[in-house]
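> Supplied in structure tokens, the structure appears directly below.
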Ligand SMILES: Cc1cc2nc3c(=O)[nH]c(=O)nc-3n(C[C@H](O)[C@H](O)[C@H](O)COP(=O)(O)OP(=O)(O)OC[C@H]3O[C@@H](n4cnc5c(N)ncnc54)[C@H](O)[C@@H]3O)c2cc1C
């Protein structure tokens, strides 16, 4: 394979480029990235240490292997793809032909339509988002966080650690509940209440009030939340809009087979937040928006591209994520879901040190830990054995 192009210069893109070189690709290797940072930066500290100001910029840069000999096209956006003709177009009209293509274009935060015209309203995905939000947090503003998913909960925790007045508004009845279910969701709600966050749960945002800047949120139940800064963490959408006419199959991400190859076309793989693939270990289709998957799937996608059709191996990881909030480190292994049976099997929720298992029809499929990482790894081993690929 002579020419490989990687589109997306985040974690998954750079790890794929490294894996391609390590896997023996000696031909041309082009990395197209909309962002201009190189080495790329890491996103997890953007809601934690960098936002809190406890880390400086140097610490958030990813380490990149030497000798990649990349043809870097940074600050450039891929605008369309012709998968049959093996050609992509960049902004400005430049065309790139390829023999192999890695798509790692990640995801973009959803915005609050009601807040389109107001200053003081932020999302958090990029380094620039983080620095702008950090600036806005000086001068003791009152902060409203819309959405109690991982980003919202982490931002709320960081803002409380900065001594700010914080309210979380969440449409669902509990934080994180869509991912972890009600038992852990309740524990997370307690964690935030104990740290002085005001929780407005089970209620949506009806409108944003203020002249040029936000002054308050009006909620669907008629109440209001005064706020100088609003952080919106209501989920992300995979960056597939540039692929609409490409010939790829899109369905909440790029639809891939078990080996991370895009279905129905030749020579295209996808990895990270944008890839949707059937994980053979769990017999379930997944699109994972977590750090470890972006790194691991990049290796798998690169290997698939180098192996070619027929020789590629299925990608069957045990998903893993972590989330740091206050002095609590949450982590999870396996395929946890809100409707699973959840049982605390080690430690106690009250002590904020525990492991809970997730079972489906009596079968162990995942585990979640709070400040108990070593015990979690023991459960991981069991999940690995129980879900082993034969
Ligand atoms: C604030 C924050 C905190 C997080 N904390 C955690 C955590 O604690 N634990 C955890 O497990 N995960 C965490 N994550 C998730 C993790 O960072 C992501 O899953 C990971 O960054 C995904 O990597 P990616 O390369 O797929 O996508 P991205 O990192 O989004 O990279 C995609 C890149 O592609 C570029 N791009 C998009 N479209 C185009 C185009 N058309 N042409 C060229 N370039 C394009 C984008 O600009 C971007 O640079 C966090 C994420 C955020 C935002």
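In our numbering, the protein residues as written are 7 to 396. Idealized CB from N, CA, C, for every residue including glycine.
Would you mind working out which of 90, 315, 64, 250 sits nearest residue 265, comparing C-alpha positions?
For the purposes of this step, residue 265 is taken as the residue at position 259 of the chain shown. Nearest option by C-alpha distance: 315.
> Quickly, what does DSSP pair residue 222 with across the bridge? List them, please.
Counting from 1 along the chain shown, the entry for residue 222 is found at position 216. Answer is 215, 232.
> Straight-line CA distance for residue 277 to residue 340?
The count along the chain shown starts at 1 and reaches residue 277 at position 271. The count along the chain shown starts at 1 and reaches residue 340 at position 334. The alpha-carbon atoms of residue 277 and residue 340 are separated by roughly 19 Å.
> Please classify residue 279: is it buried, with 16 or more other beta-carbons within 10 angstroms of its beta-carbon, or exposed?
Mapped onto the chain shown, residue 279 falls at position 273. With 16 or more Cβ atoms within 10 Å of its Cβ, residue 279 is classed as buried.
> Between which two residues does the alpha helix (DSSP H) harbouring residue 55 extend?
Counting from 1 along the chain shown, the entry for residue 55 is found at position 49. That run of the alpha helix (DSSP H) goes 55 to 58.
> Beta carbon of residue 404: closer than 6 Å to some heavy atom of ligand 1?
With the chain represented from 7 up to 396, any question about residue 404 goes unanswered, as that position is not in the structure.
> Can you tell me whether DSSP reads residue 328 as helix, strand or coil?
Counted from its first residue, the chain shown places residue 328 at position 322. Of the three classes helix, strand and coil, the one that applies to residue 328 here is strand, per DSSP.
> Under 8 Å, with one C-beta from each stretch per pair, do the stretch 103 to 118 and the stretch 14 to 29 reach the 3-pair mark?
Contact between the stretch 103 to 118 and the stretch 14 to 29 is present, because at least three Cβ pairs lie under 8 Å.
> Tell me the rounded alpha-carbon separation between residue 175 and residue 136.
Residue numbering aside, residue 175 sits at position 169 when the chain shown is read from its first letter. Residue numbering aside, residue 136 sits at position 130 when the chain shown is read from its first letter. Approximately 20 Å, taken between the alpha carbons.
> Since residue 77 sits in a beta bridge, which residues does DSSP pair it with?
Locating residue 77 in the chain shown gives position 71, where the first residue counts as 1. According to DSSP, residue 77 bridges with 36.
> Can you tell which of 209, 220, 27 has the C-alpha that lies nearest to the C-alpha of residue 120?
Within the chain shown, the letter at position 114 stands for residue 120. The option with the nearest alpha carbon to residue 120 is 220.
> Output needed for residue 192: all residues of its chain with C-beta closer than 7 Å, excluding positions within five of it in sequence on either side, in chain order.
Looking up residue 192 in the chain shown gives position 186. Cβ within range, chain order: 180.
> What does a CB cutoff of less than 6 Å around residue 95 pick up in its chain, not counting 5 residues either side in sequence?
Walking along the chain shown from the start, residue 95 turns up at place 89. Only 85, 86, 101 meet the Cβ criterion.
> Please name the residue, chosen from 55, 353, 215, 260, that lies closest to residue 126 on a Cα-to-Cα basis.
As a working note, residue 126 is residue 120 in the chain shown. The residue with the shortest Cα to Cα distance from residue 126 is 215.
> Can you check which of these residues, 182, 170, 163, is closest to residue 240 by C-alpha distance?
Within the chain shown, numbered from 1, the residue matching residue 240 stands at position 234. With distances taken between Cα atoms, residue 240 lies closest to 182.
> Measuring only from the beta carbon, is residue 237 closer than 6 Å to any heavy atom that is part of ligand 1?
In the chain shown, counting from the first residue as 1, residue 237 sits at position 231. Result no, Cβ not under 6 Å from ligand 1.
> Would you say residue 209 faces chain B, with C-beta separation under 7 Å as the test?
In summary, chain B is missing from the structure at hand, where a single protein chain is found.
> Is residue 331 closer than 7 Å to residue 163 when the C-beta atoms are compared?
Numbered from its first residue, the chain shown carries residue 163 at position 157. Numbered from its first residue, the chain shown carries residue 331 at position 325. Cβ distance < 7 Å, so residue 163 and residue 331 count as in contact.
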